[in-house]
């Protein structure tokens, strides 16, 4: 065997042993975390293979990124996007980060607002803090047996494609109130004197808007 061929074979073996995966799942598009605005560091002093292995063990890790100046065998920081669905943005990636996709990633079911007075109480005035509402939801299950979590206001807004009124002022992870999807008259109890807006009114205490399938 010629020396050149032997050197190539040795090089390939070293890449597999030291660098881990051959980067056939490297992506060329940009992610929201390309400038680390939406990035979550999940490791330091990691080779590319270590970074990918760590991602594979996380339920919500679809993409990982490493600084572009690092070779596969170089150790460095490892990032994953922390937006719920890890969207890609823009065109071909020429930024500061290299991106790999976790081929074993399974897209989670979308979060779903679970309405009902049993989560808000007849008066809608139960919890004096967001943390109380959060704990309440986490101790509940819906009729399908799904564990619940405190909703983000987006999930409340998207109930029935955003065309329905929730009519219950409650806590979410980011705000208090309820979504008004359609006009339902004016006056006390109408819960929607115009449509498509978030009503932030609340009493001293509020109910809890609970959701299924929230990303951990």
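In my numbering, the protein residues as written are 123 to 338. Cβ atoms here follow ideal geometry from the backbone N, Cα and C, with glycine treated the same way. Note that the coordinates shown come from a computational prediction; the quantities given were computed from them, not determined experimentally.
Under DSSP, residue 270 forms a beta bridge with 334. Non-local beta-carbon contacts of residue 264 in its own chain, meaning distances under 7 Å to residues more than five positions away in sequence, involve 236, 270, 334 in chain order.
Sequence-distant Cβ neighbours of residue 256 in its own chain, meaning closer than 8 Å and more than five residues away, are 271, 272, 293, 295, 330.
Ranking 326, 314, 172 by CA distance to the CA of residue 248 puts 326 first. When the beta-carbon positions are compared, residue 313 and residue 289 come within less than 8 Å of each other. If you draw a straight line from the Cα of residue 227 to the Cα of residue 196, it is about 25 Å long. Taking the CA atoms as reference points, residue 300 sits about 11 Å from residue 318. In this model, residue 185 and residue 175 are separated by some 12 Å (Cα to Cα).
Buried is the label assigned to residue 222, since at least 16 other Cβ atoms lie within 10 Å of its Cβ.
Under the DSSP assignment, residue 187 falls in the beta strand (DSSP E) whose first and last residues are 185-189.
Between the alpha carbons of residue 291 and residue 178 lies a distance of about 39 Å.
If you compare the alpha carbons of 253, 162, 218 with that of residue 332, the shortest gap goes to 253. Here DSSP, grouped into helix, strand and coil, assigns residue 321 to strand. In this structure, DSSP gives residue 196 a state outside helix and strand, which the three-state scheme calls coil. DSSP places residue 252 within a helical segment (H, G or I) once states are collapsed to three.
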